[in-house]
Amino acid sequence: MNRGTYVSPSAGKLRFADYADKWLSGRNDERATAARDASIMRNHVVPRWGALPLARVEHSDVQAWITELGERLAPASIAECLRLTSGVLRSAVRDRLIGFNPCEGVRLPARRRKDTDDLTLSLDELTAKLLPATPDRYRALIALAGGTGLRWGECAGLRTDALDLVAGVVRVIRVAEEISGHVSLKPYPKSRAGRRSVPLPPFAKELLTLHLRDYPVGSDGLVFVARTGEALKRGTFRARVWKPSLRRAGLPEALRFHDLRHSYATWLVSDGVPINDVAAVLGHEQTSTTLDRYVHPSRDRDSRVLRSFAASALPTAG
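Heads up, the sequence shown is in my numbering, so the first residue is 124 and it goes up one at a time.
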């Protein structure tokens, strides 16, 4: 008690679920983050720990739970489960309800690389296969994503005031945010670096010009809307437009819309664009993010490597 580290034995009798609810409601998160975390808590964390008193959560039990989750959840999802559980218990330590955080030292399963991790399109596959296989109404949307590396929310939230076809530039100043099936516009991008201007390649500029000529914009100036005039929903677009277009184009159905962004970054780096410039157009604050997540080996990697040695040869035997 003199050291200030005393924790009353009765303090940890509070149920995990009750304290977690208080912890979640007190956080100052973005709406999308709050909705995601509440879903993870409700579906995975509370079913396991909710009924237990805080003091009854043991390190070995948390480790066993994480190992069991590895049999049915992806490593990224498991990491989120542990992050939230640890956040609740770390806060309980600060509130003097328990003496230590039993999540400390828990080991997460290693993330194994999959064959689809490096799945990207070539520029020719985008322009000669995917775009012709895409319905006219959505062709400019895919051209925009592939030609600028914009995220889904940045594409779906694009309004006419952020598009300058004369200058050939798109400005990222807001994003579409989908929560529980409802789409709204958030008046700022993902980060400070996310507010940016990106040049439009000729094919994207051409298709955007045709799109604005042939299809009405939404009531709030949205460039891309569904046939009903409503904002696009990601899941509906994936099922009704993206996947069928991949099939018609003869491309792998494992490709995600976000892989257009990965492809864009890879093209730029492969063509010698400085990494700081690539990070800037992608909206990354750190170039390490660009290198670690978005740049994949180009398909002609081996031949390009060997060309570096084209002038070398062993001396001719005398």
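Quick reminder that beta carbons are idealized off the backbone N, C-alpha and C, glycines included.
Uninterrupted beta strand (DSSP E) stretches at least 3 residues long and entirely within the stretch 273-308 occur at 292-295, 298-302, given in chain order.
If you look at residue 319, you'll find it in the beta strand (DSSP E) that goes 319-322.
Our two residues, residue 233 and residue 326, have alpha carbons roughly 41 Å apart in a direct line. Segment contact: the stretch 207-219 against the stretch 242-251, fewer than three CB-CB distances shorter than 8 Å; contact not assigned.
Per DSSP, the unbroken alpha helix (DSSP H) holding residue 332 starts and ends at 325-337.
Here the C-alpha atom of residue 248 lies approximately 21 Å from the C-alpha atom of residue 396. Residue 390: member of the alpha helix (DSSP H) spanning 382-393, first to last residue.
Burial state of residue 277 is buried, judged by a 10 Å Cβ sphere holding 16 or more other Cβ atoms.
With three or more CB-CB distances shorter than 8 Å, the stretch 349-362 counts as touching the stretch 299-306.
Two segments are said to touch when three or more pairs of C-beta atoms, one from each, lie closer than 8 Å; by this definition the stretch 277-286 touches the stretch 343-351. Here residue 414 has 398 as same chain residues with Cβ atoms under 8 Å from its own Cβ, once five neighbours each way along the sequence are excluded.
Non-local beta-carbon contacts of residue 270 in its own chain, meaning distances under 7 Å to residues more than five positions away in sequence, involve 323, 324, 326, 327 in chain order. Put simply, of 339, 383, 288, 351 the residue whose alpha carbon is nearest the alpha carbon of residue 365 is 383.
When the five nearest sequence neighbours on each side are left out, the beta carbons in the same chain lying within less than 6 Å of the beta carbon of residue 140 are those of 169, 173, in order along the chain. In the three-state reduction of the DSSP assignment, residue 231 falls in the coil class, being assigned neither a helical nor a strand state.
DSSP places residue 316 in the coil class of the three-state scheme, outside both helix and strand. Straight-line spacing of the CA atoms in residue 314 and residue 155 works out to 14 Å. Residue pairing from DSSP places residue 176 in a beta bridge opposite 138.
The alpha-carbon separation between residue 175 and residue 138 amounts to approximately 5 Å.
Here residue 164 has 143, 147, 207 as same chain residues with Cβ atoms under 7 Å from its own Cβ, once five neighbours each way along the sequence are excluded.
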